[in-house]
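First up is the structure itself, then whatever we jot down about it.
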Amino acid sequence: MSKPQSFIHGTLTLVITGLIVRFLGFFIRLIMVRAVGEEAIGLYHLVLPTFFFIFTFTQLGLPVAISQRVSKYYSKHDTQTIRRLFYTSLTIALILSVTTSVLLFIIKDTFLLPLFSDQRVYLALVPLLWLIPLATCSSVLKGFFQGLHNMRPQGVSQLLEQIVRLLLLLYGLKDYPFDTVEVLAEKLLWQSVISECFSLFYLLILYVNVQLPKKQQAKRPQHLTKELLSIALPTTGMRMIHSFGHFLEPLIIHRQFVLNGLSITGATKAYGLLTGYIFPLVNFPMFITQAIAQATIPSVTEAIEQKNMKQTHFRIHQAVRYSIMVGIFFTIILMVYPDTLLFLMYDTDKGITLIKWLAFFYFFTYLHFPFHAILQASDETHRAMFNSMINFLVKIAALTYFMRWLDPMVGVIVSLSLLSIISTLLHYNSVKKATGYQLTFPFLNQVIGLYIFFLAITASCRFALKLIDASVWLELSSIPFLFIIFILLTFGFKLFTISEWRMLSQRKSKRH
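If you're matching positions, the sequence shown starts at 1 in UniProt numbering and goes up one per residue.
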């Protein structure tokens, strides 16, 4: 078994692999949009929220629970309990996911299909039900390795999954022009099923090779199940609410487009614009804060288990600092360079203004994931579940109201911006109550200073490029230059320290 990774190194591992995965994902999405069209993409994304909603139920919050509990017992060197935790989690996940898929397959025509305003999704429902047990087992294995402070398996499995998807997508290019929209959506789902099989097989091989002692006093299964469910059930409730919101989101948005005068086909294309261009670009950097959040759970759990409040606050603040730095850089780049990025990624200029506004308010979302992880690490998932309920109500009410009284596209942006602010503030307030951690005014002044300085530099750079009528590639090449300036500014405003830089440098030198 690999040695446990530090918080910084674990985060860096997930960020690097996540970056490669995201670029592959963008490349895959680029091929998908150009090969199958906006209508097929819209149909594909009408089905996905249904999968995520069902997947959340079958997961039962076990990936988070096993990560937190394995980290707890790993700090106590109780490796036999770790093994039993995994067996218990996997058994529950398998029974629940397989049973759910079989039942939904039986009632899909009478229960699932009528939920969709576009009935052409019927072919895509079968591969979706196959995907549920595969993805559930993979998520439990990833949570197991996270608890051991080993982030590599998750990163590599995601990378493998994307590579397989890309190869399958390229293999089918010759047939796509002859397929109907519903067949194209079905093929995209089957590609996800096959790629998930490869990812699961890789994780199982790694698990078999994990070296843990076989003989140690065993715990009662009831005790382990209770420990898992104490985290898993509130997490499931929270994620069910969140996924139900995602499940209703395309249905509400699609229906509101229709009520505003668009045809069924036109509404599907409009939703395809949102899910094909705008959302992927704005959400692209989120994999970094999700990596920070995943590394935060075992890190903060260990500090809390050792009853070291100073270390707990240090690790929380570390996660917050990194998330804010990521948020500032990508928010400003998306606000200043939306047309360049859209042209590069999708060869389109659709949605430029919408991206600028959404990126500005999405800054708060960069803090949402770490705060959420901190609540899970501190056994405060009931607070997170309560916040999710409020977020769900805000999301549904905002989409229904603003899409009706504003332009539908503007209504979507206003609703999601409002949700970003409210959800993050709710989580921050819960973290403050649970751990005593709070953001200080000197720290906020550092953040505001960094934001203003970097915005001024980035806007000036873009203005200068416009004056000389620079090409898209020259504009794109200025972003790495701006990144270097941004890193220097983080040192200047003391959001990133020399000691942290040395820690990364020493880790790299040890590898060589």
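Glycine is no exception: its CB is placed at the ideal position from the N, C-alpha and C atoms.
Of the choices L342, T381, L399 and F361, whose alpha-carbon is the least far from that of S417?
Taking the first residue of the sequence shown as 1, we reach residue 417 at position 417. The option with the nearest alpha carbon to S417 is F361.
Classify T17 as buried or exposed, calling it buried when 16 or more other Cβ atoms lie within 10 Å of its own Cβ.
Indexing the sequence shown from 1 puts residue 17 at position 17. Result: buried.
Hey, out of V300, V156, I328 and V412, whose CA is closest to T490's CA?
In the sequence shown, residue 490 corresponds to position 490, counting from 1. Per the Cα distances, I328.
Which of helix, strand or coil does DSSP assign to Y337?
Stepping through the sequence shown from its first residue, residue 337 is reached at position 337. Residue state, collapsed to three classes: coil.
When the distance is taken between beta carbons, is H382 closer than 8 angstroms to T424?
Your numbering for residue 424 matches position 424 in the sequence shown. Your numbering for residue 382 matches position 382 in the sequence shown. No; because the gap between Cβ atoms is not below 8 angstroms, this pair is not in contact.
Which residues mark the beginning and the end of the alpha helix (DSSP H) in which R83 is found?
On the sequence shown, position 83 is the one that residue 83 refers to. From DSSP, the alpha helix (DSSP H) with R83 extends over T79 to I107.
Taking all protein chains shown into account, do 16 or more other C-beta atoms lie within 10 angstroms of the C-beta of F51, making it buried, or fewer, making it exposed?
In the sequence shown, counting from the first residue as 1, residue 51 sits at position 51. Buried.
Take I485 and list the residues in its own chain whose beta-carbon comes closer than 8 angstroms to its own, dropping the five residues that flank it on each side.
Along the sequence shown, read from residue 1 onward, the residue named residue 485 stands at position 485. Here the set comprises F454 and I457.
Please report the straight-line C-alpha distance between I374 and V300, rounded to a whole angstrom.
On the sequence shown, residue 374 is found 374 positions in, with the first residue counted as 1. On the sequence shown, residue 300 is found 300 positions in, with the first residue counted as 1. Roughly 7 angstroms between the two C-alpha positions.
Quick one: complete alpha helix (DSSP H) runs, 4+ long, within the segment 394-473?
Here the runs fully enclosed are 408-435 and 441-467.
Using the Cβ count rule (16 or more neighbours within 10 Å means buried), how would you classify L103?
Against the sequence shown, residue 103 aligns to sequence position 103. L103 should be labelled exposed.
State buried or exposed for M335, treating a residue as buried only when at least 16 other CB atoms are found within 10 Å of its CB.
Here residue 335 refers to the residue found at position 335 of the sequence shown. Counting Cβ neighbours within 10 Å, M335 comes out buried, since at least 16 surround it.
Kindly indicate the opening and closing residues of the alpha helix (DSSP H) around S263.
Counting from 1 along the sequence shown, the entry for residue 263 is found at position 263. Run containing S263: none; DSSP gives neither H nor E here.
Could you have a look at H242 and say whether DSSP puts it in helix, strand or coil?
Here residue 242 corresponds to residue number 242 of the sequence shown, with the count starting at 1. Helix at H242.
For the alpha helix (DSSP H) that contains R69, what are its first and last residues?
Position 69 of the sequence shown, counting from 1, holds the residue named residue 69. Counting along the chain, the alpha helix (DSSP H) containing R69 begins and ends at L62 to S75.
Using a Cβ-Cβ cutoff of less than 8 angstroms, which residues in the same chain neighbour L112 once the five nearest sequence positions on both sides are dropped?
Taking the sequence shown and counting its residues from 1, the one referred to as residue 112 is at position 112. So the qualifying residues of the chain are T50, L104 and L125.
Buried or exposed for L393, going by 16 or more other Cβ atoms inside 10 Å?
Counted from its first residue, the sequence shown places residue 393 at position 393. With fewer than 16 other Cβ atoms within 10 Å, it is exposed.
Can you tell me whether T289 is helix, strand or coil according to DSSP?
As a working mapping, residue 289 is identified with position 289 in the sequence shown. Helix.
Give the single residue among V181, F371 and L96 whose Cα lies nearest to the Cα of Q268.
Position 268 of the sequence shown, counting from 1, holds the residue named residue 268. For the sequence presented, residue 268 should be read as Thr rather than Gln. Selected option, being the one with the closest Cα: V181.
If you check the beta carbons only, do L426 and I390 fall under 8 angstroms apart?
Looking up residue 426 in the sequence shown gives position 426. Looking up residue 390 in the sequence shown gives position 390. Yes, the pair counts as a contact, with Cβ atoms nearer than the cut-off.
Exposed or buried, I304, counting other C-beta atoms within 10 Å across all chains shown (16 or more means buried)?
Reading the sequence shown from its first residue, position 304 is the one you call residue 304. Answer is buried; the Cβ neighbour count reaches 16.
With a CB to CB cut of under 6 angstroms and the five nearest residues on each side skipped, what residues in its chain are close to L206?
To locate residue 206, count along the sequence shown from 1; it is residue 206. Around L206: P153.
I believe L169 touches M32 by the beta-carbon criterion, under 8 angstroms. Please report the beta-carbon distance rounded to the nearest angstrom.
Here residue 169 is taken as the residue at index 169 of the sequence shown, counted from 1. Here residue 32 is taken as the residue at index 32 of the sequence shown, counted from 1. With 8 angstroms as the limit, L169 and M32 qualify as a contact, their Cβ atoms being about 7 angstroms apart.
Count the other CB atoms, across all protein chains shown, that sit within 10 Å of the CB of S388; report buried if there are 16 or more and exposed otherwise.
Taking the sequence shown and counting its residues from 1, the one referred to as residue 388 is at position 388. With 16 or more other Cβ atoms within 10 Å, it is buried.
Return the CA-CA distance between L123 and I231, expressed in angstroms with no decimal places.
Position 123 of the sequence shown, counting from 1, holds the residue named residue 123. Position 231 of the sequence shown, counting from 1, holds the residue named residue 231. So the two alpha carbons sit approximately 36 angstroms from each other.
Pop quiz: G245 and K395 are said to be a contact at Cβ under 8 angstroms. What is the actual Cβ separation, rounded to whole angstroms?
In the sequence shown, residue 245 corresponds to position 245, counting from 1. In the sequence shown, residue 395 corresponds to position 395, counting from 1. Their Cβ separation, rounded to whole angstroms, is 5 angstroms, which keeps G245 and K395 in contact under 8 angstroms.
If you draw a straight line from the C-alpha of L166 to the C-alpha of T312, how long is it?
If you number the sequence shown from 1, residue 166 lands on position 166. If you number the sequence shown from 1, residue 312 lands on position 312. Whole-angstrom Cα-Cα distance: 41 angstroms.
Going by beta-carbon coordinates alone, are L85 and L228 separated by less than 8 angstroms?
For the purposes of this step, residue 85 is identified with residue 85 of the sequence shown, where counting begins at 1. For the purposes of this step, residue 228 is identified with residue 228 of the sequence shown, where counting begins at 1. Contact flag set, yes.
Leaving out five residues on either side along the sequence, give the residues of the same chain with a beta carbon under 6 angstroms from the beta carbon of A359.
By 1-based counting over the sequence shown, the position of residue 359 is 359. These residues qualify, in order along the chain: V282, T331, L334 and M335.
With DSSP run on the structure shown, which of helix, strand or coil describes T497?
Here residue 497 refers to the residue found at position 497 of the sequence shown. If DSSP states are grouped into helix, strand and coil, T497 belongs with coil.
Looking at the structure shown, is G18 part of a helix, part of a strand, or coil, going by DSSP?
Sequence index remark: in the sequence shown, residue 18 carries index 18 (1-based). Of the three classes helix, strand and coil, the one that applies to G18 here is helix, per DSSP.
Note the first and the last residue of the continuous alpha helix (DSSP H) segment covering Q154.
The residue you call residue 154 lines up with position 154 of the sequence shown. First-last of the alpha helix (DSSP H) with Q154: R152 to Y171.
Does the distance from the C-beta atom of G276 to that of E39 stay below 8 angstroms?
Locating residue 276 in the sequence shown gives position 276, counting from the first residue. Locating residue 39 in the sequence shown gives position 39, counting from the first residue. Against a cut-off of 8 angstroms, the Cβ pair of E39 and G276 comes out as no contact.
Would you call the segment 134-141 in contact with the segment 50-68, where contact means no fewer than 3 C-beta pairs closer than 8 angstroms?
The segment 134-141 is in contact with the segment 50-68.
Among residues of its own chain, excluding the 5 on either side of T13, which ones have a beta-carbon nearer than 7 angstroms to its beta-carbon?
Counting from one through the sequence shown, the residue named residue 13 turns up at place 13. The residues are Q5, M151, R152 and G155.
So what does DSSP say about H313, is it helix, strand or coil?
Within the sequence shown, numbered from 1, the residue matching residue 313 stands at position 313. Helix, per DSSP.
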